[in-house]
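Each residue of the sequence shown is one higher than the last, beginning at 1 in full-length UniProt numbering. All C-beta atoms, glycine included, are put in the ideal place defined by N, C-alpha and C. Worksheet: the structure to be examined is printed underneath.
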Amino acid sequence: MTRRSCAIYATGILCAHLLIVGIALLVAQVFQTMIQERIKKEITLAENSRVLDGWINPPPPVYMQYFFFNVTNPDEFLAGKEKPKVTQIGPYTYREYRPRENVTFLENGTKIFATNPKSFVFLRDMSVGDPEVDRVTTVNIPFIAVMNELNSYSFFLRSFVSMWMGSMGIEVFMNRAVHEVLWGFKDPLLSKLHTMRPEVDEHFGLMYNKNGTHEGEFVFHTGEKNYMDYGKIDTWNGISQMNWWSSNQSNMINGTDGSVFHTFLSRKELLYIFAADLCRSIHLGYVADTEVKGIPAFRFAPPSDVLAPPDENPNNAGFCVPAGDCLGKGVLKVSVCRQGAPIVVSFPHFYQADERYISAIDGMNPNVEEHETYLDINPTTGVPIRACKRAQLNVILKRVPGFPKTKFLNETIFPIMYVNEVSFHVILSAAQMRTLLLIVTVVSNFPVIIVGLGAILFVVLIFLVCRNRQRKVKNLRTAKDETAYTQVSNQTEDSPENRNNQPLRNGSYIAMSPVEAQKC
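Structural data, given as structure tokens:
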């Protein structure tokens, strides 16, 4: 066997092995599984480090920016002369600390128990003013809560309570310091009720008793059995399904808490997040590719059908409580899980909501840049790099017989405040993330590289085979061309007669014999 043939056979064997091994690795996803385990290990180690370090090395910063709607014409609005006019004041910014505590692995490491207490520290340099000095005129929510509670009682009882509250100077609107509205104050109406019903707390605040507390006890899946389940909530406060809403689908606790997602995200999938403050799960869809600190990310945001009415999104029918009692697009009544006032949540300035809610309040200016909720997630690791969670708190104002101060009110969803939660959830540093992504890119493409090398060798093999065939054909043609005609005669070649006297004649070349190669 010639050297050329050996080279062809060796190339063919190597090509076949590379193609078989590369395709097998791609189908079996061996390297993808290795990458998922590596990513999960890196992130788990980083999170465990955060948990152990606690306050010494706090997690990436989370900033809570509170914006309030100050009512400038409360008297004219109550008199039915004008629609309400509000001006936005804020932000009042607080640094939020949210370490994971009481971390315990369950069921052979397939689940993990944790609590996430939150505490807040005011940041004056990131705020418009001092919340203990600045004042805001807003709806008196304790008044609305009591009025709403008495709505099912007799007209005479409602009238008596209305006169009683009027004698204490309690009005539909109140003027309080921002700090009081946010973190709580001793309310005169609730204090009176507390003397009659001790279970009623005499303090009120939008964030009352939420500084230093957590939103519940969570059990998460670790992804040990299936990486797609990584970070998903198994139970919240011991339950796997809520009972506030009017359908089983609406009561489901779907998705993660928004801090982590599974690896290798797709642009086509929907991400589910359980929002404890909304008492429900919401979904986010892919919006665009983006980049944060040099790290590639997918932007996911809630589509317009998240808070759409049932006629636009039948899956939302279960959020109408009682069944069939639905609000319009872009708002959600959450008073079913928060006893008291008829609280409604929406996106800031009624972003993505019905125009009737926007036009009912003078001062609403919704826009995507300031009011959209979104998550920028690195698709390879599933780690949120940047997040902006925005939600608005509203209350329903309407006419209640027996309360003369409401006689000119039409049902209005009245904005109180909204929060802009901004965070950079980079568990790994930007440098660590870029290094990990480089390793992931190289390793995940290793089977493709093997297949590519096999394809290149296949092309080389074809070239060598073709070249070898061309050489054989050329050699055959050369052998044919190197033949000549020789003379046949009765005389010997060496006789002088043949050399000098015999003329060359036509037809004397009648036989062929090999001729020596020409010499130069």
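* **Beta-carbon proximity check, tyrosine 92 vs tyrosine 66, cutoff 8 Å** => yes
* Which whole runs of the alpha helix (DSSP H) in the segment 91–171 are 4 residues long or more, in chain order? -> Note on the segment 91–171: whole alpha helix (DSSP H) runs with a minimum of 4 residues are 141–149 and 155–167, in chain order.
* **the segment 246–255 touching the segment 304–322, judged by at least three CB pairs closer than 8 Å** => yes
* Asked: Between isoleucine 141 and phenylalanine 122, what straight-line distance do the alpha-carbon atoms span, to the nearest angstrom?
  -> 24 Å
* To do: Work out the CA separation of glutamate 149 and tryptophan 164 for me, nearest whole Å.
  => For tryptophan 164 and glutamate 149, the gap between their C-alpha atoms comes out near 16 Å.
* Asked: Who are the near neighbours of glutamine 241 in its chain, counting only those whose CB is closer than 8 Å to its CB and skipping five residues on each side?
  -> Excluding positions up to five away in sequence, the list reads Asn248, Asn251, Met252 and Ile253.
* Report back the beta-carbon spacing between glycine 328 and tyrosine 357 to the nearest angstrom; my notes put them in contact at under 8 Å. => 7 Å
* CA-to-CA distance, alanine 16 to glutamate 107, given in whole angstroms -> 45 Å
* To do: Just the C-alpha distance for cysteine 337 and phenylalanine 274, rounded to the nearest angstrom, thanks.
  => 14 Å
* To do: Put isoleucine 253 into one of helix, strand or coil per three-state DSSP.
  => Here isoleucine 253 carries a coil assignment [DSSP, helix/strand/coil].
* To do: Compute the distance between the beta-carbons of glycine 255 and serine 281, then report whether it is under 8 Å.
  => For the 8 Å CB-CB criterion, glycine 255 and serine 281 form a contact.
* **glycine 402, DSSP secondary structure in three states** => Shown here, glycine 402 sits in coil according to DSSP, grouped into three states, outside any helix or strand.
* Measuring CA to CA, which of Ile112, Met174, Gly184 and Arg95 is closest to glutamate 421? -> Arg95
* Asked: Using CA coordinates, which residue listed in Gln392, Thr222 and Arg471 is at the minimum distance from leucine 206?
  -> Gln392
* Asked: Shortest alpha-carbon distance to valine 395 belongs to which of Arg267, Gly294, Tyr272 and Phe69?
  -> Phe69
* To do: Following the continuous beta strand (DSSP E) through tryptophan 236, name the residue where it begins and the one where it ends.
  => 233–236
* CA-CA distance, histidine 262 and proline 415? -> If you draw a straight line from the Cα of histidine 262 to the Cα of proline 415, it is about 36 Å long.
* lysine 118 versus Val368, Phe408, Ile144 and Gly216, residue with shortest Cα-Cα distance -> Gly216
* Which residue comes first and which comes last in the beta strand (DSSP E) that contains methionine 64? -> 62–71
* Alpha carbon to alpha carbon, how far is asparagine 226 from isoleucine 233? Give it in angstroms, no decimals. => 14 Å
* To do: Classify leucine 271 as buried or exposed, calling it buried when 16 or more other Cβ atoms lie within 10 Å of its own Cβ.
  => buried
* **For threonine 222 and glycine 109, believed in contact at Cβ under 8 Å, the rounded distance** => Yes, they are in contact, since the Cβ atoms of glycine 109 and threonine 222 sit about 6 Å apart, within 8 Å.
* Asked: methionine 228 by DSSP, collapsed to three states: which one?
  -> helix
* Asked: Quick one, are the C-beta atoms of phenylalanine 220 and proline 379 less than 8 Å apart?
  -> no
* Is cysteine 388 helix, strand or coil when you go by DSSP? -> Looking at cysteine 388 - three-state DSSP - the assignment turns out to be strand.
* Asked: For arginine 176, which beta-bridge partners are listed by DSSP?
  -> Val136
* Please report the residue range of the alpha helix (DSSP H) in which aspartate 75 lies. => Looking at the DSSP string, the run of the alpha helix (DSSP H) that includes aspartate 75 is 74–78.
* Asked: According to the neighbour-count rule (16 or more other Cβ atoms, all chains shown, within 10 Å of its Cβ), is alanine 79 buried or exposed?
  -> Burial is judged here by how many other beta carbons sit within 10 angstroms of a residue's own beta carbon; alanine 79 has fewer than 16 and is exposed.
* Asked: Which whole-angstrom value describes the C-beta separation of arginine 124 and arginine 176, a residue pair presumed to lie in contact below a C-beta threshold of 8 Å?
  -> Not confirmed; about 20 Å, so no contact.
* 8 Å CB neighbourhood of lysine 83 in its chain, flanking five on each side removed -> Phe77, Ala360, Ile361 and Asp362
* Which value, in whole angstroms, describes the spacing of the CA atoms of glutamate 370 and tryptophan 183? -> 25 Å
* Asked: Mapping DSSP to helix, strand and coil, what is isoleucine 13?
  -> Reduced to three states, the DSSP call for isoleucine 13 is helix.
* Pair within 8 Å by beta-carbon distance, threonine 290 and aspartate 376 -> yes
* Where do the N-terminal and C-terminal ends of the alpha helix (DSSP H) with leucine 193 fall, by residue? -> 188–196
* Give me the Cα-Cα distance between glycine 129 and threonine 87, rounded to the nearest whole angstrom. => Taking the Cα positions, glycine 129 is about 15 Å away from threonine 87.
* To do: Name the two residues that bound the continuous alpha helix (DSSP H) containing isoleucine 416.
  => It is not in any alpha helix (DSSP H) - isoleucine 416 instead sits in the beta strand (DSSP E) that spans 412–423.
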